[in-house]
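3 is the number of the first residue of the sequence shown in our numbering; add one for each residue after it.
All C-beta atoms, glycine included, are put in the ideal place defined by N, C-alpha and C.
What you are looking at is a predicted structure, and each value in this text was computed from that prediction instead of being measured.
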Amino acid sequence: MTIYVNNKALQTSASDVAALAAEIGLPAMAAIAVNNRVVPRTEWAAHTLNEGDKLTVIRVACGG
């Protein structure tokens, strides 16, 4: 299926947010919003992805 990650089309076979995070190698310090709704990390495995979903991935960086 095709989804959009940070406005870029991505072909994936991942069925949920957790599988997608593993597929794209997200670091532990990251947040994901699906269709403009933040999905808590505890719900990633239960949140099913659908064709055309739009995800925003935010990688947290330390520093000042």
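With contacts defined by Cβ atoms closer than 8 Å, V59 and L28 form a contacting pair. Bridge partners of R43 according to DSSP: none are assigned.
A straight-line Cα-Cα distance of about 13 Å links A35 and L22. In the three-state DSSP reduction, V62 falls in the coil class, being neither helix nor strand. In summary, V19 is buried, with 16 or more beta-carbon neighbours lying within 10 Å of its beta-carbon over all protein chains present.
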